[in-house]
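Q: Handing you a structure now.
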Amino acid sequence: MTEGPFTEQEELQRKVRARKLLTWLMVFAIVMFFAGLTSAYVVSMSGGFWVEFKIPEAFHYSTAAILLSSASAQIALVMMARGKGSSVPALLGITLVLGIFFAWSQFQGWKELVQRGNFVVGRVLMNTGTYGVDWTIRKNGEALVLENGNFYLPSQGADARPLNAELDEQRNNSSSY
Numbered sequence: 001m002t003e004g005p006f007t008e009q010e011e012l013q014r015k016v017r018a019r020k021l022l023t024w025l026m027v028f029a030i031v032m033f034f035a036g037l038t039s040a041y042v043v044s045m046s047g048g049f050w051v052e053f054k055i056p057e058a059f060h061y062s063t064a065a066i067l068l069s070s071a072s073a074q075i076a077l078v079m080m081a082r083g084k085g086s087s088v089p090a091l092l093g094i095t096l097v098l099g100i101f102f103a104w105s106q107f108q109g110w111k112e113l114v115q116r117g118n119f120v121v122g123r124v125l126m127n128t129g130t131y132g133v134d135w136t137i138r139k140n141g142e143a144l145v146l147e148n149g150n151f152y153l154p155s156q157g158a159d160a161r162p163l164n165a166e167l168d169e170q171r172n173n174s175s176s177y
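Written out as structure tokens, the structure reads:
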């Protein structure tokens, strides 16, 4: 064992190792987070009722905005690394404007979902709009039929019983995702 401080090379190697370890820990944490979300989604869909609804147009705009803002931020990083710093403020300004637009469009999309009855924690029958166009309820992958205010499984044919009482007790898990 050596006494005294580390050499510059040893100090650099230690920093690189520490950064690599932290990077791998972050990658592992992110992968586990998405694995947990995916498994929760799969479990939520199995065996129960699932509400399919039309995605608000604002979410399409927000997706485009976040992709474009990521691209402009990356281009600013590349320009700075190449020594062309004069264009960086404009690119970062574009990134900021796109980020603000992203946040605004997310609020608009969620506002529209709530107006249609899709809450983070809500009931299946709270949806509004035209059934079959704006929203549909599925049980085990099969779309329910709405006749005279009652929901039925079409596979049950003439013996079908209304599912409204059962639906009234069900939570709308799809809104949460």
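In our numbering, the protein residues as written are 1 to 177. Built from N, CA and C at the ideal position, the CB exists for glycine as well.
Would DSSP call V43 helix, strand or coil?
A: The answer is helix: DSSP assigns V43 an H, G or I state.
Q: Using the beta-carbon count (16 or more within 10 Å), is S86 buried or exposed?
A: Exposed, by the Cβ-count rule.
Q: How big is the Cα-Cα spacing for Y41 and A35?
A: Each residue's alpha carbon lies about 10 Å from the other.
Q: Mind reading off the beta-carbon distance from Q170 to V124? Whole number of angstroms is fine, and I expect it under 8 Å.
A: Correct: roughly 4 Å between the Cβ atoms.
Q: Applying the 10 Å Cβ sphere with the 16-neighbour rule, what's the burial state of A76?
A: Classification of A76: buried, given that the 10 Å Cβ count is 16 or more.
Q: If you count every other CB in all the chains shown that lies within 10 Å of the CB of I55, and 16 or more means buried, which is it?
A: Burial call: exposed.
Q: For N140, tell me which candidate among F102, L153 and N172 has the shortest Cα-Cα distance.
A: When only C-alpha atoms are compared, the closest one is L153.
Q: Secondary structure at V51, three-state DSSP: helix, strand or coil?
A: Reduced to three states, the DSSP call for V51 is strand.
Q: Within this structure, are the beta carbons of F151 and I137 separated by less than 9 Å?
A: Closer than 9 Å, so yes.
Q: Buried or exposed: where does W135 fall if 16 or more other Cβ atoms within 10 Å of its Cβ makes it buried?
A: By the 10 Å Cβ count, W135 comes out buried.
Q: For E147, does the three-state DSSP call read helix, strand or coil?
A: In the structure shown, E147 sits in a strand (DSSP, three-state: E or B).
Q: What residues in its chain sit with their C-beta under 7 Å from that of G99, if we drop five residues either side in the sequence?
A: If we look at G99 and ignore the five residues flanking it on each side, its Cβ neighbours are S69.
Q: Of all the options P5, D168 and G48, which has the alpha carbon lying nearest to the alpha carbon of E142?
A: Comparing Cα positions, the closest option is G48.
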